[in-house]
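Counting along the sequence shown from 1, when you hit position 1 you're at 147 in the numbering used here, and nothing is skipped either side.
Please read the structure below before turning to the comments.
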Amino acid sequence: MANARGALVDITFSLARVVIGFLFACHGAQKLFGVLGGTSQVGHTKMMIAAIIEFGGGLLIALGLFTRVAAFLSSGEMAVAYFTVHAPHGFWPIINKGELAVAYCFFFLFVAAHGAGPYSLDGMVRRKV
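Structure below.
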């Protein structure tokens, strides 16, 4: 029973990692390519850095490749986004519309500490070594 529960936890975590990583990459795609209802931010240096971290980091997290590094950078980028964009508009994330930035930040911080899990490219590489 404990083995089945562990497998379910691994599958559920991997599914969350893939979905949340993909959604994060979509935010980056909005800024990089002006798709999905966004506008291209190519002319703004800070936004370009954010877009590259979001798009590249999101894809790496979704694939589970270099996951700890990608998640750590993505978590930091979301913390910076929260404190520079949202926090000046009020203390509470629900009021300053920063709850998604906070959720991404802490999920990616967890992923950075936990790793990608067995159902990932990192996990495949680790099994082969």
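Heads up, the beta-carbon is just placed ideally off N, CA and C, and yes, glycines get one too.
By the CB criterion at 8 Å, Leu211 and Leu267 fall inside the cutoff. Residues of the same chain with a CB within less than 7 Å of the CB of Leu182, apart from the 5 flanking positions on each side, are Cys172, Ala175, Gln176 in chain order.
When DSSP assignments are scanned along the stretch 218-267, the uninterrupted stretches of alpha helix (DSSP H) that are 4 or more residues long and fall wholly within it turn out to be 239-242, 245-260. Take the alpha-carbon of His235 and the one of Phe229: they are about 10 Å apart. Look at Gln176 here: in three-state DSSP terms it is helix. Across the structure, Arg214 and Leu255 are spaced so that their CA atoms are roughly 9 Å apart.
Ile157 and Arg151 have their C-alpha atoms some 10 Å from each other.
For Phe201, the enclosing alpha helix (DSSP H) stretches over residues 191-209. Of the candidates Val155, Leu209, Phe201, Val248, the residue whose Cα lies closest to the Cα of Val226 is Val248. Here Ser160 carries a helix assignment [DSSP, helix/strand/coil]. Closest in alpha carbon position to Glu223, among Ile241, Phe201, Gln187, Gly189, is Phe201.
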